[in-house]
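Numbering (the working numbering), first residue to last: 229 to 492.
Cβ atoms here follow ideal geometry from the backbone N, Cα and C, with glycine treated the same way.
Contents: one structure, followed by commentary.
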């Protein structure tokens with residue numbers, strides 16, 4: 229490509245393009261329908277019971293959330309609820325987590341988790357990066373992990389959870405840029421299980437790294453703010469800053485302009 233030639237703009241995934249359209253529509257109209265299209269409604273409690281999954285699925289069907297995010301062991305159960313529902317919902321995706329919440333499973337183990345999740349009907353994968361690689365400055369191993377997991381996901385929407393609470397600003401930037409380079413579709417801030425969730429500064433750093441990557445490649449990635457998104461005000465703030473997804477266990481409360489009292 230000649231010096232100075234404009235790079236063709238493309239999205240990392242078709243679903244990311246949909247997210248950006250919903251984001252633009254929400255910011256322009258404040259319509260909760262568009263906000264719902266940005267919410268990954270989440271249930272990842274260690275002591276969850278099936279009735280909570282029933283509620284999670286039924287809320288998603290009613291409000292047309294972007295996805296529900298739940299443990300792999302309940303993917304089939306949730307898929308059956310969606311398929312057997314009187315009110316069919318073709319929009320909401322099934323999302324699950326890999327190596328959650330600590331992230332230091334081997335890359336091979338993470339690949340096997342992804343294989344299992346896809347067999348059980350997962351549409352999207354949120355995996356926790358190996359933070360120990362970052363802390364040891366082993367970005368070669370981290371790159372190998374990113375490449376292997378992006379390949380294993382078979383072009384299903386793939387989100388890397390950085391766990392920003394445990395990283396320096398420089399580490400957040402480097403991990404974001406590396407993930408973008410390796411074919412990850414969305415950068416996610418937090419598990420919700422560390423000492424804090426998403427911050428304003430996290431989103432700014434991630435956005436900066438992704439803008440640099442976009443200038444070099446033309447590829448646009450998504451940003452998922454998660455952990456501590458408790459209110460409509462929080463949602464608007466992070467979306468305005470650049471988030472294209474919100475991970476929260478309080479999606480309905482947020483849509484109703486109430487406070488989410490859960491930790492995640």
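- Close CB contacts of residue 319 within its chain, under the 6 Å cut and outside five residues either way in sequence, are with 292 (chain order).
- The stretch 432 to 449 makes contact with the stretch 234 to 245: 3 or more CB pairs, one atom from each, lie closer than 8 Å.
- For residue 359, there is no enclosing beta strand (DSSP E); the residue is part of the alpha helix (DSSP H) that begins and ends at 359 to 363.
- As computed with DSSP, residue 296 is found in a beta bridge with 269, 322.
- Annotation: residue 456 to residue 480 spans about 15 Å, alpha carbon to alpha carbon.
- Looking at the DSSP output, residue 474 shares a beta bridge with 267, 453.
- For residue 244, the uninterrupted alpha helix (DSSP H) segment begins and ends at 242 to 257.
- Distances from the CA of residue 353 to each of 361, 360, 359, 344 were compared; the closest alpha carbon is that of 344.
- When DSSP states are grouped into helix, strand and coil, residue 404 belongs to the helix group.
- If you draw a straight line from the Cα of residue 486 to the Cα of residue 250, it comes to about 21 Å.
- In the structure shown, the three-state DSSP call for residue 281 is helix.
- For residue 384, the secondary structure class from DSSP, reduced to helix, strand or coil, is coil.
- Following the DSSP letters along the chain, one finds residue 339 inside the alpha helix (DSSP H) bounded by residues 335 to 347.
- The stretch 415 to 422 makes no contact with the stretch 370 to 386: fewer than 3 CB pairs, one atom from each, lie closer than 8 Å.
- Annotation for residue 308: the continuous alpha helix (DSSP H) segment containing it runs 303 to 312.
- Going by beta carbons, residue 415 and residue 363 fall outside the 8 Å limit.
- Assignment of residue 414 by DSSP, reduced to helix, strand and coil, places it in the strand class.
- Pairwise C-beta distances place the stretch 299 to 308 out of contact with the stretch 329 to 338, as fewer than three of them are shorter than 8 Å.
- Annotation for residue 262: 250, 253, 254 place their beta carbon closer than 6 Å to its own, counting only its chain and skipping 5 residues before and after.
- The residues 369, 370, in chain order, have a CB closer than 6 Å to that of residue 361 in the same chain once the five nearest residues on each side in sequence are set aside.
- Going by beta carbons, residue 379 and residue 355 fall outside the 8 Å limit.
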